[in-house]
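Right, one structure below, let's go through it.
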Amino acid sequence: MKKLMLAIFVLFFLGFTYAQDEARLLRFPAIHADQVVFTYAGDLYTIAKSGGMARKLTNYDDGYEMFARFSPDGKNIAFTGQYDGNTEVFLIPASGGVPERLTYTATLSRDDISDRMGPNNIVMTWKDDDNIVYRSRKQSFNSFKGQLFLINKDGGMSEELPLPAGGFCSYSPDKSKLAYNRVCREFRTWKYYRGGMADDIWIYDFNTRTIENITNNPAQDIFPMWKGDKIYFCSDRDRTMNLFVYDLITKEIRKLTNYTNYDVKFPSLGDDAIAYENGGYIYLFDLNSEQSEQLNVQIANDFITGRNQLKDASKSINSYAISPAGKRLVFGARGDVFTVPVKSGITKDLTLSSGVHDRNVEWSPDGKYISYISDATGEDEIYIINQDGSEPPVQITKNADTYKYNPIWSSDSKKLLWGDKKLRLQYVDIETQKVTVVAETNEWEYRDYCWSPDNNWIAYTQPAQRGESKIYLYELESKEATPVTDGWYGVGNPTFSTGGKYLFFTS
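For my numbering, count along the sequence shown from 1 and bump the result up by 30.
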């Protein structure tokens, strides 16, 4: 009896444990009444507003379903899908059913969720129970620009809204106005953008054909959501993207959430709540209490993509180097560092770093070490490891603050030189781990650089966006840099002759 009770307790405990596991990487949520729809692993799921076990709505392995939006009456869901190769607008009943294709557009060269321009034909919102608003680049030569179109849920020809360009948008309650973004750059790969493409929120009046900028801020103000006399939106004016609200009566803007780690992404307005992404989870912002609560989402799935698989790393090589003796090669592939014999022998995985990206491999001239960049700490740092993998890797740089490029060895195997995303050229002494800044600029990244054979000089191309680049020689002893070209013509790829007497370059 005791054993039976113990077994029941263990099973209960395990079931309870598994029940508490929450799904992550949940995307593009939308909410209506007590139902939330979202994308997970490329398919659409629906779940009660109270949380729990999600139910799968779509199941298509060769395409991605995203940007689901409930009709105002809650009966239908419009979404952007990739069932037939193209990315198009589809419709299904909110309870599930066979997807019905509504749009037919030409294939674009840049039309994928992973592209920085984002997918084409993104469902924005519903105008009413019959008409869906979507953004399309089908008649634009510029991948950045798209127009807003209406398509009836029963199909037919699309109708273009009277705006030269548009992005995420929301109608006023009486449908006489539209709050919208002009640009759609939410798939860009960097944050904190300030510039000419930074979005504001505009209101277009269909009756007077006038527009008004209601945010007028150098930051990104995006995803307008119109509710009564308020327009909710996202902004990174305080660095991290958070929810804000604009009061149409007082003309005042107020901050509603205070995230500092992850951005609020892809929000969607419901009857009394806003659903949004943050850190891979879905949160619901209650419009009355102005409080956010994480939605507990559990997904029962076979997670076929999570099974162990055999992968051919040779198809994912991103860097390589030949040993000084010419007997082995080192490759950076699929986030690990491999050495391979030229003719026959054993292939070695030197790093075996699951969940870490190791890249930019270089063999030291004395043949003893292999250098590489790794994000094992969370930031790009330079490591060296014995070429035979007999000892653990040694971290050479610390306290990284940006992305690093292509470290190269000095011929005495005592130093490594690299450029970085903060527009610096630096080298590190392997023994002391002291980092020295060779050059800095505000023009562009340092990508062309080399050591002299005696290791006393560094030649590099000084980037220039205005005018032409120059080649400089930097002396390690004096720490002085001297230009050796005059800037009247483009130059690059400096390389010393074997004896160090001459410097070759392209022009």
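Quick reminder that beta carbons are idealized off the backbone N, C-alpha and C, glycines included.
| Same chain, Cβ closer than 6 Å to Q112, neighbours up to 5 away in sequence not counted | Answer for Q112: G93 and Y94, listed in chain order.
| query | Does DSSP classify S420 as helix, strand or coil? | reply | Looking at S420 - three-state DSSP - the assignment turns out to be coil, as it is neither helix nor strand.
| What do you reckon, are the CB atoms on G176 and S188 nearer than 8 Å? | No, the pair does not count as a contact, with Cβ atoms beyond the cut-off.
| request: Can you tell me which of the three DSSP states I304 falls into? | output: Annotated three-state conformation of I304 is strand, per DSSP.
| task | Quick one: which unbroken beta strand (DSSP E) runs of 3-plus residues sit fully inside the segment 206-284? Chain order, please. | result | 207-210, 232-235, 240-243, 251-257, 260-265 and 272-277, all fully within the segment 206-284.
| Cβ contact check for the segment 146-163 and the segment 101-116: 3 or more pairs under 8 Å | The segment 146-163 is in contact with the segment 101-116.
| request: Work out the CA separation of Y413 and T512 for me, nearest whole Å. | output: Between T512 and Y413, the C-alpha separation is close to 31 Å.
| said: DSSP three-state label for I334, please. | reply: In this structure, I334 counts as helix in the three-state DSSP scheme.
| message | Closest to P297 by C-alpha separation, out of D64, F534 and F97, would be which residue? | response | The shortest Cα separation from P297 among D64, F534 and F97 belongs to F97.
| Cα-Cα separation, P423 to I304 | Approximately 47 Å, taken between the alpha carbons.
| task | Measure the alpha-carbon distance for I352 versus F535 and round it to whole angstroms. | result | In this structure, the alpha-carbon of I352 lies about 23 Å from that of F535.
| field | For W156: DSSP bridge partner residues | value | DSSP output for W156 lists I162 as bridge partner(s).
| request: Find out if the Cβ-Cβ distance for the pair C214, G148 is shorter than 8 Å. | output: G148 sits close to C214, with the two beta carbons spaced by under 8 Å.
| task | Return the residue from the list K451, E475 and K509 that minimises the CA-CA distance to V467. | result | Closest option to V467, Cα to Cα, is K509.
| said: Output needed for N318: all residues of its chain with C-beta closer than 8 Å, excluding positions within five of it in sequence on either side, in chain order. | reply: D302.
| query | If you draw a straight line from the C-alpha of G419 to the C-alpha of I403, how long is it? | reply | A straight-line Cα-Cα distance of about 16 Å links G419 and I403.
| query | Residues bridged to E190 by DSSP? | reply | According to DSSP, E190 bridges with F179.
| task | Determine the burial state of W518: buried for a count of at least 16 other Cβ atoms within 10 Å of its Cβ, exposed for fewer. | result | The C-beta of W518 has fewer than 16 other C-beta atoms within 10 Å across all chains shown, which makes the residue exposed.
| field | Alpha-carbon to alpha-carbon, R99 and T155 | value | When only Cα atoms are considered, T155 and R99 end up about 6 Å apart.
| field | From Y201, R57, N485 and K168, residue whose alpha carbon lies closest to that of L503 | value | Nearest of Y201, R57, N485 and K168 to L503, Cα basis: N485.
| query | Based on the DSSP secondary-structure assignment, which residues constitute the bridge partners of W448? | reply | Looking at the DSSP assignment, W448 forms a beta bridge with Q456.
| field | Separation of K445 from W487, as counted between CA atoms | value | Computed Cα separation, rounded: 12 Å.
| request: Classify W481 as buried or exposed, calling it buried when 16 or more other Cβ atoms lie within 10 Å of its own Cβ. | output: Of the residues assessed, W481 falls on the buried side of the cut-off, its CB having 16 or more other CB atoms within 10 angstroms.
| C-beta atoms of Q250 and Y276 nearer than 8 Å | No, these two residues do not count as a Cβ contact at 8 Å.
| field | Neighbourhood of F236 by C-beta distance below 6 Å, restricted to the same chain and skipping five residues each side | value | Excluding residues within five positions, the ones whose Cβ falls inside 6 Å are S206.
| request: For G408, collect the residues of the same chain with a Cβ closer than 7 Å to its Cβ; drop the 5 residues on either side in sequence, then sort them by chain order. | output: Nothing listed; no residue qualifies.
| query | On the premise that G365 lies in contact with V386, defined as a C-beta separation below 8 Å, what is that separation, rounded to the nearest angstrom? | reply | Contact flag correct, Cβ pair sits at about 6 Å.
| Assuming W388 and V370 make a contact with CB atoms under 8 Å, what is their CB distance in whole Å? | One detail in the question is off: residue 388 reads as Asp in this sequence, not Trp. So it is not a contact: roughly 15 Å between Cβ atoms.
| Can you list, in chain order, the residues of its chain whose CB lies under 8 Å from that of A469, leaving out five sequence neighbours each side? | Within the same chain, Cβ atoms closer than 8 Å to the Cβ of A469 are found at R454, L455, Y476, Y490, Q492, Y502, Y504 and A511, the five residues on either side in sequence being excluded.
| task | Give the C-beta separation of W232 and E242 to the nearest angstrom, bearing in mind that I take them to be a contact with Cβ-Cβ under 8 Å. | result | Sure, about 7 Å apart at Cβ, within 8 Å.
| query | Closest by CA to H62, which one among G104, S499, T76 and L55? | reply | Residue G104 holds the alpha-carbon nearest to the alpha-carbon of H62 among G104, S499, T76 and L55.
| message | Applying the 10 Å Cβ sphere with the 16-neighbour rule, what's the burial state of F58? | response | Buried, since its Cβ has 16 or more Cβ neighbours within 10 Å.
| task | Quickly, what does DSSP pair M147 with across the bridge? List them, please. | result | M147 is not bridged by DSSP to any residue.
| request: For S394, name the three-state secondary structure that DSSP assigns. | output: Looking at S394 - three-state DSSP - the assignment turns out to be coil, as it is neither helix nor strand.
| If you run the structure through DSSP and keep just helix, strand and coil, what is S346? | Here S346 sits in helix by DSSP.
| request: Going by DSSP, name the residue or residues bridged to Q65. | output: BP columns for Q65 point to H62 and A78.
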